[in-house]
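In our numbering, the protein residues as written are 9 to 685. Backbone N, C-alpha and C fix where the C-beta goes; we use that ideal spot for every residue, glycine too. Predicted model only: the values in this text are computed from it and were never measured.
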């Protein structure tokens with residue numbers, strides 16, 4: 009039974025002879041988790057500062073370059089927050105100093121990157137504060153005593169709130185208000201502290217029987233689930249989309265900020281993974297979709313908690329290999345290890361660190377500082393002999409893509425939750441992989457679309473149940489920049505109009521024959537909604553060779569319209585060269601009666617009004633003239649068709665049944681579009 013361990017020890021010692029065998033680039037992440045349980049978070053300020061000094065000095069002296077320092081454990085902060093109380097360590101009151109700022113300054117003094125380590129989904133441990141706090145603790149506001157939608161706790165399969173699971177009260181990741189709260193605290197920290205990174209832990213649920221709270225359940229059954237995916241996929245999406253919004257909003261504040269997470273080491277096992285052993289599969293049980301987080305770029309790097317040794321029943325080397333092979337090839341993986349409270353041998357820890365180099369991971373991290381006493385010397389002697397630079401992140405240092413973010417509101421300016429935002433040709437696809445991803449807004453109306461190709465012709469479609477779509481075209485995205493597009497829905501709803509040439513509905517619009525000798529015909533298009541007869545022009549005269557008609561729709565509201573035309577089937581209908589022009593007339597604003605209105609041509613082109621074969625584009629169907637044109641309310645729009653044939657025969661009829669102005673999108677009350685450097 010001891011042979012495998014002895015062989016492993018000998019191997020590790022042999023590897024250790026090649027001291028500081030760093031990666032080929034000479035760059036790697038050398039990091040340490042420093043939690044609130046690592047001796048510094050005590051009530052005595054002098055003791056606490058001394059411990060922080062020691063931590064930063066020890067890490068720097070042992071040639072580490074990154075510290076993940078916990079600043080928020082359970083909706084309590086180790087910095088002054090306008091929204092959350094100080095921790096119980098300080099009696100939920102100010103200790104008279106700022107531990108985060110002190111630790112940040114000391115880390116930077118020692119040349120360490122400082123990543124703010126934040127627990128995202130735990131509300132509190134035990135039974136909560138047990139008293140009122142200032143600011144009031146979220147547990148008191150949205151915990152067990154809260155009712156209805158104000159209760160943010162995870163709920164079990166019976167719809168009952170759960171205040172203790174795995175030692176904590178957890179917030180539902182499917183409750184938009186709870187998710188927004190966490191994001192707001194993260195953004196406050198980022199706006200006020202020059203941290204180098206944001207590092208997330210407890211970014212999960214405690215099991216896959218949660219969270220059937222009424223808000224999450226309603227969203228699953230409604231517009232919060234646009235792809236109609238199953239429960240597990242829906243719950244995974246909640247956390248992934250939260251990360252996407254965090255990444256996008258962080259880029260608006262400080263784009264250089266590195267964002268990471270520390271998920272469980274076993275993501276899942278299938279035909280694509282080397283690991284086939286036992287243990288919790290975080291993707292299935294805790295709704296951590298870690299591989300997808302890397303592939304979709306909602307984090308810059310991952311630090312999976314691979315808390316098993318090389319060659320064990322849960323082989324560190326195989327689990328690390330799975331993370332690397334499922335990373336998508338761009339984002340980084342930093343192998344996470346543990347001393348297991350100091351019970352790991354030096355050789356075991358060295359072997360794990362060596363695996364990160366052998367497999368070309370971006371670096372290594374260990375949990376946690378307080379248990380490192382017996383490992384410092386061996387790590388420095390055998391692994392971290394010299395200081396090294398951190399790996400460059402090309403998607404940050406030399407980006408080739410951009411980001412689109414924005415806020416979506418109703419006509420009164422109130423944020424819309426679960427408004428859908430779709431980027432045409434988005435590289436990120438929906439659940440079926442057949443169309444662009446359905447991005448949803450958070451409780452503040454915020455959305456973020458990451459990794460957008462550079463270009464000036466992007467198209468966004470905003471939709472919300474009960475409202476006409478908003479379409480935004482010509483959205484420009486540049487490399488490394490955030491383009492913000494804010495959309496406000498209008499209460500005015502555009503209406504589709506059909507204008508017939510013979511049976512004209514006076515409420516739909518005005519049909520006018522400008523040139524040519526026109527007559528009635530019983531030939532009619534069978535397109536849905538078309539009138540039962542048509543008008544035609546066929547005599548072989550010069551006027552009829554250039555016959556012309558116009559349509560003026562009466563539009564109830566300004567909007568985005570598709571424009572169609574339809575003709576009947578007929579062998580005598582032959583106008584292959586028909587010009588069309590869509591224009592808008594703007595009345596003069598100088599108040600003079602004789603002033604001329606201004607006519608602006610919005611679009612023009614040529615269509616073929618030919619009556620055979622029946623598959624021809626306008627025969628018995630609504631054929632497209634032009635698409636997604638913004639038109640004003642009223643009668644200021646004119647669509648003109650002009651026959652353009654130098655000579656026509658007696659039977660070469662110019663025939664039209666009707667045109668249709670189809671409302672496909674509303675015009676927002678306001679829409680801003682600007683780039684953030």
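Starting from residue 582 and walking both ways along the beta strand (DSSP E), at which residues does that stretch end?
582 to 594
Excluding the 5 residues flanking residue 208 on each side, which residues of the same chain have their C-beta closer than 6 Å to its C-beta?
126, 128 and 269
Closer than 8 Å is the cut-off here; do at least three beta carbon pairs connect the region 449 to 469 with the region 485 to 494?
yes
Span of the beta strand (DSSP E) holding residue 316?
Note, residue 316: premise wrong, no beta strand (DSSP E); not H, not E.
Can you tell me which of the three DSSP states residue 626 falls into?
coil
List the whole-angstrom C-beta distance separating residue 545 from residue 617, where the pair is believed to meet the contact cut-off of C-beta under 8 Å.
Contact doesn't hold; Cβ gap of about 11 Å is too wide.
Between which two residues does the alpha helix (DSSP H) harbouring residue 364 extend?
354 to 366
Under the three-state reduction of DSSP, which class applies to residue 531: helix, strand or coil?
coil
Measure the CB-CB distance between residue 324 and residue 363 and report whether it falls below 9 Å.
yes
Specify the secondary structure class of residue 234 as computed by DSSP and reduced to three states.
coil
Could you spell out where the beta strand (DSSP E) holding residue 293 opens and where it closes?
No beta strand (DSSP E) holds residue 293; the alpha helix (DSSP H) holding it covers 290 to 293.
Excluding the 5 residues flanking residue 65 on each side, which residues of the same chain have their C-beta closer than 7 Å to its C-beta?
118
Does the distance from the C-beta atom of residue 341 to that of residue 73 stay below 9 Å?
no
Please state the DSSP three-state secondary structure of residue 253.
helix
Look at residue 91 and residue 160 and say whether their C-beta atoms are less than 9 Å apart.
no
At which residues does the alpha helix (DSSP H) containing residue 389 begin and terminate?
384 to 390
Separation of residue 436 from residue 499, as counted between CA atoms:
31 Å
Using a Cβ-Cβ cutoff of less than 6 Å, which residues in the same chain neighbour residue 346 once the five nearest sequence positions on both sides are dropped?
315 and 375
For residue 235, count neighbouring Cβ atoms within 10 angstroms of its own Cβ and tell me buried if that reaches 16, exposed if not.
exposed
Is the beta carbon of residue 541 less than 9 Å from the beta carbon of residue 511?
yes
For residue 107, the three-state DSSP class (helix, strand or coil):
helix
For residue 642 and residue 521, the rounded distance between their alpha carbons:
21 Å
So, using beta-carbon positions, are residue 99 and residue 51 closer together than 9 Å?
yes
First and last residue of the uninterrupted beta strand (DSSP E) at residue 162:
First-last for residue 162: undefined, no H or E at that position.
Let me know the secondary structure DSSP gives residue 58 once reduced to three states.
helix
Residues that DSSP places opposite residue 130 in a beta bridge:
178
Per-residue DSSP class, three states only, for residue 282:
coil
Check for me: the alpha helix (DSSP H) holding residue 351 runs from which residue to which?
Taken as a continuous stretch (DSSP letters only), residue 351 belongs to no alpha helix (DSSP H), as it is neither H nor E.
For residue 536, which residues in the same chain have their Cβ closer than 8 Å to its Cβ, ignoring the five residues on either side in sequence?
630
Give a yes or no on contact between the region 558 to 577 and the region 623 to 639, applying the rule of three or more CB pairs nearer than 8 Å.
yes
What residue from 674, 123 and 140 has the CA that sits closest to residue 96's CA?
140
Under 8 Å by Cβ, that's how I've got residue 56 and residue 93 pegged, so tell me the actual separation to the nearest angstrom.
Not quite, the Cβ-Cβ distance comes to about 18 Å (not below 8 Å), so this is no contact.
Local conformation of residue 372 per DSSP, three classes
strand
Could you give the C-beta distance for residue 7 and residue 407, rounded to a whole number, given that I count them as a contact under 8 Å?
No statement about residue 7 is possible, as the shown extent of the chain runs from 9 to 685 and does not include it.
Residue 475 vs residue 513 beta-carbon contact at 9 Å:
no
Contact under 9 Å by Cβ, residue 35 with residue 400
yes
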